[in-house]
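Enquirer: Would you mind keeping the following structure in view while I ask a few things?
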Amino acid sequence: MSERIGSTVIENVRPQLDAGRWAVKRVEGESLTVKADIFKEGHDVLVAVVRWRQSAPKEQATEWTETPMEAKGNDLWEAEFPLARTGRYEFTVEAWPDLFATWVSELKRKVDVGRDVRSELLEGAALLEGAAARATQAKESEDAKRLTEAAQSFRKGVSHTAIAAAMDPGIALIASKYADRSIATRYDRVLEVFVNREKARFGSWYEFFPRSALRDGRTHGTFKDAEKWLPYVQSLGFDIIYLPPIHPIGRTARKGKNNSLTAGPEDVGSPWAIGAAEGGHKAVNPKLGTLEDFRGFVKAANGLGIEIALDIAFQCSPDHPYVKEHPEWFQHRPDGTIKTAENPPKRYEDIVNFDWLGPGRATLWPELKSVVMHWVEQGVRIFRVDNPHTKPLQFWAWLIREVQTVRPDVVFLSEAFTRPKVMKHLAKAGFQQSYTYFTWRNFKQEMEEYLEELTSPPVSDYMLGNLWPNTPDILPEFLQRSGPGGFRLRAAMAATLSSTWGMYCGYELCEGTPVKPGKEEYLDSEKYELKAWDLDRPGNIRDYISRLNAIRREHRAFQLYSNLRFFKSENDQVMFYLKRTPDGSSQVLVAVSFDPFHAQESVLHVPLAELGIQPDETYQVHELMTDERSLWQGPTAHVRLTPEQPAAIWAVYRFRRSEQAFDYYE
1 MSERIGSTVI ENVRPQLDAG RWAVKRVEGE SLTVKADIFK EGHDVLVAVV
51 RWRQSAPKEQ ATEWTETPME AKGNDLWEAE FPLARTGRYE FTVEAWPDLF
101 ATWVSELKRK VDVGRDVRSE LLEGAALLEG AAARATQAKE SEDAKRLTEA
151 AQSFRKGVSH TAIAAAMDPG IALIASKYAD RSIATRYDRV LEVFVNREKA
201 RFGSWYEFFP RSALRDGRTH GTFKDAEKWL PYVQSLGFDI IYLPPIHPIG
251 RTARKGKNNS LTAGPEDVGS PWAIGAAEGG HKAVNPKLGT LEDFRGFVKA
301 ANGLGIEIAL DIAFQCSPDH PYVKEHPEWF QHRPDGTIKT AENPPKRYED
351 IVNFDWLGPG RATLWPELKS VVMHWVEQGV RIFRVDNPHT KPLQFWAWLI
401 REVQTVRPDV VFLSEAFTRP KVMKHLAKAG FQQSYTYFTW RNFKQEMEEY
451 LEELTSPPVS DYMLGNLWPN TPDILPEFLQ RSGPGGFRLR AAMAATLSST
501 WGMYCGYELC EGTPVKPGKE EYLDSEKYEL KAWDLDRPGN IRDYISRLNA
551 IRREHRAFQL YSNLRFFKSE NDQVMFYLKR TPDGSSQVLV AVSFDPFHAQ
601 ESVLHVPLAE LGIQPDETYQ VHELMTDERS LWQGPTAHVR LTPEQPAAIW
651 AVYRFRRSEQ AFDYYE
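The opening residue of the sequence shown carries number 1 in our numbering; numbering runs sequentially from there.
Written out as structure tokens, the structure reads:
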């Protein structure tokens, strides 16, 4: 005869992505709140748990742990469990009827109306005896003894002692520990959450080319020269330095200055044309130094609290050793040549692409994984990935999972300026961070709508926007015509809207000359030549950048991502928003102007309720860019922003009452 089966329904378990296909993302030290709709027919008392464990890396794997869920009403259940370490966690939900608790509930109602409950007591005895057997099996003899004694009292017939034992909360609690789980329902899939280290959520990126480290525009720099830049980058407040590819550069079809098709003997070429006789993706350009020199550069940066992020560009110059050693990794045309990379009307004559999905993938994919692990061994834990949207999405899902299974501290940034669904799919597949359309959002309404989308669930469960106002590839039209005021306001937005932002070297110098009108590319682009950087150029905004990064470090609210809330500003040229920690220990208001040329004033509607402030309460604000303090009261405030100070950032402090007066703040 078949065993009994359960009938509890578990549905709408969240968070989950695409029916559990992908892992949601969190940061170490957080907890994951799991919700589910759980119910069954009738009036049974239900019990539900979240089952969870850390599954990767293997050396940190744990056994399944169960955390009780709490009924929130209307069949909604909820629980949370801690995410103490980086790595991959698994979780699911299980629920079952508590047969003894249900029996007690029914018994009480019958006793209250004077029903004969002799048969019911026999049913209760059988339930407790079953629980006692399970307690014995679990080698919990004391619990088994108490359950057996209670069952025996039930079998003696209706009495005050039997009814009292039936209603004893202690007996019900023990019985619930040994519930009949054979009738439990377990959610039909195991979900995942990937736990990142803090740097995946909070960081300030600075990109520069080490070959321009000597800053004279003529002499090729080395890693040792680049070490001399480190104190400068530190003074600006950046904690991540991103380097373009550092590998040997091909000579075939090498690009000249300003992307010229004809290169002279002194032209250094594009670092993204990877591979030459000196080596490929695991080699260092000899003009930069040796692998040992690179490790020394990483160590020196780490000593100043700076991590090195390295560009991963999975493409080759025609001179790359792979082209000769592994022709099966490339797609050849009928005439035997390999097609160069194109993105019409752009063409990259100095680059050839892999045949990602051909039969050679069986050895190609593991080799590219070994490239990433090679640089991990050299001390790199952060990778900016070039154009991932032009490679198969399943490759990235495979690669990132393979790497993070053994090194969960590795962070991947997706440089995918492409269609929204593709960008989001890359994030689901594992990229912790992504470049965004922030670079081209120039008006208040579109900026608010876009950032609300990025920083709110479901998108924020898997995608974190890294905001860059410029890159070596992109000089937005706004920066070409806005002068220092524009550079200030875009930096203020990037640094305060997201917990992670970055900029390419020269931004602090307000470098904004395009190669030609209508083109979002730099004149004399550093992608093709050495640059002469005058870091003390008049009109620079170095101090402004440094202050922004200092504020981010000092105020925890800026280090969180999904805590952005916009509020009303009565001027469409002024955006107003709040960032705060869940406990309110850090809360900051920001007003920023979209006008790089003129002063803008606005009435701001202060979110008193979100700040925990009463309508008639006086509170202090500390404007962090100018170090000015003021007392505010009421639901509105006034701000005046200028091209020199296009952003106001207020830390909000409530008065605290002491025995004498309101004399200190929280």
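Beta carbons are placed, not taken as given, at the ideal position from N, Cα and C, and that holds for glycine.
(1) Does DSSP classify His-320 as helix, strand or coil?
(2) Across the region 81-91 and the region 174-182, are there enough close Cβ pairs to call them in contact, namely three or more that are closer than 8 Å?
(3) Enumerate in chain order the residues of its own chain whose CB-to-CB distance from Gln-669 is below 8 Å, with the five nearest sequence positions on each side excluded.
(4) From the DSSP output, in three-state form, read off His-160 for me.
(5) Express the C-alpha separation of Asp-319 and Gly-512 in angstroms, rounding to a whole number.
(6) How far does the alpha helix (DSSP H) with His-425 in it extend, from its first residue to its last?
(7) Return the Cβ separation of Gly-673 and Pro-596 in integer angstroms, given the expectation that the two are a contact with Cβ distance under 8 Å.
(8) May I ask you to verify whether the region 481-496 touches the region 577-595, counting CB pairs closer than 8 Å and requiring at least 3?
(9) For Leu-467, report the span of its beta strand (DSSP E) as first-last.
(10) Alpha carbon to alpha carbon, how far is Gly-502 from Glu-415? Give it in angstroms, no decimals.
(11) Note down the Cα distance separating Asp-355 from Pro-231, rounded to an integer number of angstroms.
(12) Which residue's Cα is closest to the Cα of Lys-339: Tyr-619, Leu-467, Asn-353 and His-326?
(13) Taking contact to mean at least 3 C-beta pairs separated by less than 8 Å, is the region 547-563 in contact with the region 218-227?
(14) For the beta strand (DSSP E) containing Arg-88, list its first residue and its last residue.
(15) Going by DSSP in three states, Ile-336 sits in which element: helix, strand or coil?
(16) Could you tell me whether the region 238-246 touches the region 190-210, where touching means 3 or more Cβ pairs closer than 8 Å?
(17) Check whether the region 312-326 touches the region 273-281, taking contact to mean three or more Cβ pairs, one atom from each stretch, closer than 8 Å.
(18) By a C-beta neighbour count over all protein chains shown, 10 Å radius and 16 as the cutoff for buried, is Glu-508 buried or exposed?
(19) Return yes when the Cβ of Arg-254 is within less than 7 Å of the Cβ of Gly-264, no when it is not.
(20) In this structure, what does DSSP give as the bridge partners for His-622?
(21) Spell out the partners DSSP gives Val-49 in its beta bridges.
(22) Measuring CA to CA, which of Ile-312, Arg-197, Cys-316 and Leu-523 is closest to Thr-252?
(23) Does the region 190-199 come close enough to the region 107-125 to have 3 or more Cβ pairs within less than 8 Å?
(24) If you run the structure through DSSP and keep just helix, strand and coil, what is Ala-19?
(25) Would you say the region 97-107 touches the region 65-72, given that touching needs at least three Cβ pairs under 8 Å?
(26) By Cβ distance, which residues of its chain are closer than 6 Å to Ser-562, with the 5 residues on each side in sequence left out?
(27) Counting along the chain, where does the alpha helix (DSSP H) carrying Thr-500 start and finish?
(28) What would DSSP say about Phe-330, mapped onto helix, strand or coil?
(29) Using 8 Å as the Cβ pair cut-off and three pairs as the minimum, do the region 341-352 and the region 296-308 touch?
(30) Is the region 462-481 in contact with the region 618-627, if contact means three or more CB pairs nearer than 8 Å?
(31) For Glu-307 and Asp-409, what's the separation of their Cα atoms in angstroms?
(32) Figure out for me which residue from Ala-71, Ser-482, Gly-87 and Ala-48 has the closest Cα to the Cα of Pro-57.
(33) Look at the Cβ atom of Ala-150, then the Cβ atom of Ala-165, and state whether they are nearer than 7 Å.
(34) Which same chain residues end up closer than 6 Å to Glu-452 when comparing Cβ atoms and leaving out the 5 residues on each side of it in sequence?
(35) Please tell me whether Pro-245 and Ala-313 are closer than 7 Å, where the distance is taken between their beta carbons.
(36) Starting from Val-9, follow its DSSP beta bridges and name the residues at the other end.
Expert: With the structure as the only source:
(1) coil
(2) no
(3) This structure gives no information on residue 669, because the portion of the chain shown stretches from 1 to 666.
(4) helix
(5) 34 Å
(6) 420-429
(7) The structure shown has nothing for residue 673, since the chain only spans 1 to 666.
(8) yes
(9) Neither: Leu-467 is in no beta strand (DSSP E) and is coded neither H nor E.
(10) 12 Å
(11) 42 Å
(12) Measuring from the Cα of Lys-339, the nearest candidate turns out to be Asn-353.
(13) With the rule of 3 Cβ pairs closer than 8 Å, the region 547-563 does not count as touching the region 218-227.
(14) 87-97
(15) Reading the sequence as shown, one finds Gly at residue 336 and not Ile. Correct three-state label for Gly-336: coil.
(16) When Cβ pairs closer than 8 Å are counted between the two stretches, the region 238-246 is seen to touch the region 190-210, the count reaching three or more.
(17) Contact between the region 312-326 and the region 273-281 is present, because at least three Cβ pairs lie under 8 Å.
(18) buried
(19) no
(20) Beta bridge pairing from DSSP links His-622 with Arg-629 and Ala-651.
(21) Pro-68 and Glu-94.
(22) Ranked by Cα distance from Thr-252, the first of Ile-312, Arg-197, Cys-316 and Leu-523 is Cys-316.
(23) With the cut-off at 8 Å, the region 190-199 and the region 107-125 do not touch.
(24) DSSP places Ala-19 within a helical segment (H, G or I) once states are collapsed to three.
(25) no
(26) Same-chain partners within the cutoff: Thr-455 and Ser-460.
(27) Going by DSSP, Thr-500 is part of no alpha helix (DSSP H) but of the beta strand (DSSP E) stretching over 500-504.
(28) Under the three-state reduction of DSSP, Phe-330 is assigned to coil, being neither helix nor strand.
(29) no
(30) no
(31) 12 Å
(32) Gly-87
(33) yes
(34) none
(35) yes
(36) Phe-39
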